[in-house]
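> Here it is, the structure in full.
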Amino acid sequence: MNFPGKFQDHILADKLHVLNVSFLVNDLKRLKGGCAANIAYACALHGLNNTLVAAVGSDFEEYGAWLASHGVGLEGVSTFGEFLTASCFITTDGDNNQITGFYPGAMARAGEVTLAQLGTKPTLATISPNDPSAMKALPQECREQGIPFLYDPGQQVIALSGDDLLQGLTGAEVVVANDYEAAVICEKTGLSEEALLEHCKALVVTLGERGSRIMLASGERYQVPPAPVAEALDPTGAGDAFRGGLVKGLVHGYGWESAARVGALTASYCVESRGTSTYHFSPDAFAERFERVFGELPAAV
Numbered sequence: 468m469n470f471p472g473k474f475q476d477h478i479l480a481d482k483l484h485v486l487n488v489s490f491l492v493n494d495l496k497r498l499k500g501g502c503a504a505n506i507a508y509a510c511a512l513h514g515l516n517n518t519l520v521a522a523v524g525s526d527f528e529e530y531g532a533w534l535a536s537h538g539v540g541l542e543g544v545s546t547f548g549e550f551l552t553a554s555c556f557i558t559t560d561g562d563n564n565q566i567t568g569f570y571p572g573a574m575a576r577a578g579e580v581t582l583a584q585l586g587t588k589p590t591l592a593t594i595s596p597n598d599p600s601a602m603k604a605l606p607q608e609c610r611e612q613g614i615p616f617l618y619d620p621g622q623q624v625i626a627l628s629g630d631d632l633l634q635g636l637t638g639a640e641v642v643v644a645n646d647y648e649a650a651v652i653c654e655k656t657g658l659s660e661e662a663l664l665e666h667c668k669a670l671v672v673t674l675g676e677r678g679s680r681i682m683l684a685s686g687e688r689y690q691v692p693p694a695p696v697a698e699a700l701d702p703t704g705a706g707d708a709f710r711g712g713l714v715k716g717l718v719h720g721y722g723w724e725s726a727a728r729v730g731a732l733t734a735s736y737c738v739e740s741r742g743t744s745t746y747h748f749s750p751d752a753f754a755e756r757f758e759r760v761f762g763e764l765p766a767a768v
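Quick note: the sequence shown uses the numbering used here, first residue 468, plus one each step.
Rendered as structure tokens:
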């Protein structure tokens with residue numbers, strides 16, 4: 468929702484204890500989203516056979532059909548009909564300040580959803596921001612079942628304790644976080660980035676317009692530039708798009724630098740669109756653009 472004025476003009480500092488305001492918005496858009504779904508969409512664009520594992524509510528049918536039509540499997544989705552699907556409500560004013568309300572809904576039952584219900588062992592599991600119960604249970608399930616996993620706590624770094632974060636990332640093939648999230652992980656666990664690598668194989672830190680950096684437990688370090696953007700319309704979901712591209716590169720054995728470059732280029736498509744899953748590309752178009760920006764796309768191993 469867009470509010471054409473400024474929040475500050477309608478909020479009185481001496482009346483915050485009795486705050487009761489209403490904003491007349493001039494625009495309302497309903498957009499698809501959710502970190503796991505955004506990543507799955509990016510993976511599907513890259514031709515990866517992937518399945519969403521999530522707790523959803525009684526209103527998911529339309530979104531689920533859309534995801535399925537775009538190549539996202541739904542075998543891992545559990546519906547809890549007494550809830551609606553998790554939703555985020557954002558109002559943005561003329562100064563780009565935001566007031567956000569988040570309804571977790573069915574996500575509160577995510578701890579009951581397991582990878583075992585897929586009936587097959589994934590090549591790689593991506594553990595994205597979710598209910599804390601699921602953020603704790605899924606890494607443990609991956610370790611017990613020998614499933615390689617990418618740990619992506621995202622905004623849940625605030626809700627998770629240091630012990631929870633350390634337990635979650637232990638044994639991960641890679642931990643992915645933006646620079647703020649990485650700093651919070653280090654602060655809460657009491658470990659430096661170098662020390663985190665004693666518990667996981669790799670750490671990828673995204674830096675927005677400055678690209679990303681990669682640290683491997685084996686000692687290698689990489690700095691990967693961003694992909695150029697024709698016109699930046701909306702950065703929302705760019706991190707999820709990056710993760711989808713990174714997964715593509717890792718699953719296909721591209722190597723860390725090339726995998727992060729695939730992530731960077733995927734993110735650039737997202738930034739050039741409004742919404743988190745409104746961008747599109749064909750494999751050929753992606754390969755051509757990749758070659759113009761980074762050189763020839765590696766062959767799958």
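C-beta atoms are modelled at their ideal positions from N, C-alpha and C, and glycine is treated no differently.
Taking all protein chains shown into account, decide if T587 is buried (16 or more other Cβ within 10 angstroms of its Cβ) or exposed.
exposed
> Which residues does DSSP list as the beta-bridge partners of A669?
L683
> Indicate whether L498 and G711 have their beta-carbon atoms separated by less than 8 Å.
no
> Under a three-way DSSP split, which group does D598 fall into?
coil
> Quick one: measure Cβ to Cβ for L591 and V714, integer angstroms, because I've assumed they're closer than 8 Å.
6 Å
> If contacts are defined as beta-carbon pairs under 8 Å, then V492 and H477 qualify, I think. What distance do you get, rounded to the angstrom?
Not quite, the Cβ-Cβ distance comes to about 13 Å (not below 8 Å), so this is no contact.
> Return the CA-CA distance between I506 and K482, expressed in angstroms with no decimal places.
42 Å
> Under a three-way DSSP split, which group does E739 fall into?
In this structure, E739 counts as coil in the three-state DSSP scheme.
> Between Q612, E687, I614, M682, which has its C-alpha nearest V643's C-alpha?
M682
> Restricting to runs no shorter than 3 residues, where is the beta strand (DSSP E) found entirely within the region 547 to 635?
Listed in chain order, the complete beta strand (DSSP E) runs (minimum 3 residues) inside the region 547 to 635 are 554 to 559, 565 to 570, 592 to 594, 616 to 618.
> Tell me whether N597 is buried or exposed, calling it buried when 16 or more other Cβ atoms sit within 10 Å of its Cβ.
buried
> Taking L585 as the reference, which of F490, A650, G722, G543 has the closest Cα?
G543
> Are the Cβ atoms of E409 and P620 separated by less than 8 Å?
Since the first residue of the chain shown is 468 and the last is 768, residue 409 is not available in this structure.
> In three-state terms, what does DSSP make of T733?
helix
> Secondary structure at R497, three-state DSSP: helix, strand or coil?
coil
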